[in-house]
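Participant: Its first residue numbered 174, the sequence shown is counted upward by one per residue in the numbering used here.
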Amino acid sequence: MTRTSSMGRAMEALRGLGAAASDEPGGTTATRLAERLERERSQLSRTLAALARLGYAERLGSAYRVSPALYATALALTERRLRTDGLTALEALSERSGEAAFLGTLSGDSTVTIVEAIPPQKGLFGSWVGRSYPAFCSDAGQAVLWDASDAEVRDVLGSSDFGFGGPNAARSVEEFLGRLRAARARGYSIVDEEAEPGLLSVAAPVLDFRGEVVAAMQIVGVKRALAPRIPELGDLCRTAAAELSRRLRSGAAAG
């Protein structure tokens with residue numbers, strides 16, 4: 174086998190271990206990982222053993238997991254690249270759509286904008302970067318909770334004040350969950366006057382090297398301008414979020 178193909182197998186194994194971490198925090202065996210990746214077990218077992226010798230993976234009995242040091246490094250790199258690659262992705266999305274684009278993350282029961290790209294012609298003053306908004310009615314809320322279970326959503330939003338928000342905001346956790354399920358089926362969320370009167374947004378989740386949602390990419394604007402373009406803008410947003418997710422995965426592997 175060539176050096177390149179060996180490296181490719183190693184990166185695939187590391188990404189597989191990272192993706193399995195949420196379901197199997199104590200590590201996963203070569204057999205289970207081979208099934209997950211649809212790879213030949215004996216070859217994968219040799220790759221995992223080599224990764225453990227090099228310090229990239231940690232062996233716990235018959236199971237393996239990404240080494241804590243490498244995991245922490247990958248998380249830190251992902252956080253940095255959310256801002257750098259995220260800005261590049263937002264600028265491209267804003268140029269293609271002609272609308273304001275934002276990247277938000279979950280913080281407690283709120284979402285916080287970390288990067289934005291606003292076309293000059295929109296005439297918007299001020300910045301949303303660093304500002305928080307209740308997740309149940311924010312533009313990013315449904316997308317940042319995309320991969321959360323119903324129980325996790327109830328836990329996050331359990332103390333939220335559902336009297337807040339725009340005229341169409343959800344008024345209970347169960348109503349929010351219904352909208353979240355519809356968004357998942359559609360492929361992107363539509364937040365229609367839930368944050369503020371007259372505003373509409375579409376959003377899609379951004380995934381990291383573990384395959385977990387770390388942010389939401391959004392297009393936000395005046396409802397009368399965006400409403401006729403929802404399918405177009407939703408697809409643009411979903412495509413841009415998927416591309417940023419790929420960059421984060423490749424960046425973590427390269428780091």
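Ideal Cβ positions, reconstructed from N, Cα and C, are used throughout, including at glycine.
Values in this document were obtained by computation on a predicted structure and should not be read as measured data.
Can you tell me the Cβ-Cβ gap for Val302 and Arg327, rounded? I've got them flagged as a contact below 8 Å.
Facilitator: For this step, residue 302 is matched to residue 129 along the sequence shown. For this step, residue 327 is matched to residue 154 along the sequence shown. So it is not a contact: roughly 29 Å between Cβ atoms.
Participant: Between Ala377 and Ala400, is the Cβ-Cβ spacing less than 9 Å?
Facilitator: Numbered from 1 along the sequence shown, position 204 holds the residue referred to as residue 377. Numbered from 1 along the sequence shown, position 227 holds the residue referred to as residue 400. Cβ atoms of Ala377 and Ala400: not closer than 9 Å.
Participant: Check Leu330 in the structure and name its three-state DSSP category.
Facilitator: As a first step, residue 330 must be located in the sequence shown, where it is residue number 157. Leu330 falls in the helix class under three-state DSSP.
Participant: Here's the rule I'm using: 16 or more other beta-carbon atoms within 10 Å means buried, otherwise exposed. How should Gln391 be labelled?
Facilitator: Translated into positions along the sequence shown, residue 391 becomes position 218. By the neighbour-count rule (16 or more Cβ atoms within 10 Å), Gln391 is buried.
Participant: Can you find the residues in the same chain that come closer than 8 Å, C-beta to C-beta, to Leu210, ignoring five residues on each side of it along the sequence?
Facilitator: The residue you call residue 210 lines up with position 37 of the sequence shown. These residues qualify, in order along the chain: Glu185, Ala186, Gly189, Leu217.
Participant: State the start and end residues of the unbroken beta strand (DSSP E) segment that holds Glu289.
Facilitator: By 1-based counting over the sequence shown, the position of residue 289 is 116. Element bounds for Glu289: 283 to 290.
Participant: For Arg467 and Ile287, which I take to be in contact (beta-carbon distance under 8 Å), what is that distance rounded to the nearest angstrom?
Facilitator: Since the first and last residues shown for the chain are 174 and 428, residue 467 lies out of range.
Participant: By Cβ distance below 6 Å, which residues in the same chain neighbour Ala193 in space, the five residues on each side in sequence not counted?
Facilitator: As a first step, residue 193 is located in the sequence shown; it is residue number 20 there, counting from the start. The residues are Thr201.
Participant: Using a 10 Å radius around the Cβ and a threshold of 16 neighbouring Cβ atoms, would you call Gln294 buried or exposed?
Facilitator: By 1-based counting over the sequence shown, the position of residue 294 is 121. Its Cβ having fewer than 16 others within 10 Å, Gln294 is exposed.
Participant: Please report the straight-line C-alpha distance between Ser267 and Val375, rounded to a whole angstrom.
Facilitator: Walking along the sequence shown from the start, residue 267 turns up at place 94. Walking along the sequence shown from the start, residue 375 turns up at place 202. Ser267 and Val375: Cα-Cα distance of roughly 13 Å.
Participant: Indicate the three-state DSSP secondary structure (helix, strand or coil) for Ala274 in the structure shown.
Facilitator: As a first step, residue 274 is located in the sequence shown; it is residue number 101 there, counting from the start. If DSSP states are grouped into helix, strand and coil, Ala274 belongs with the strands.
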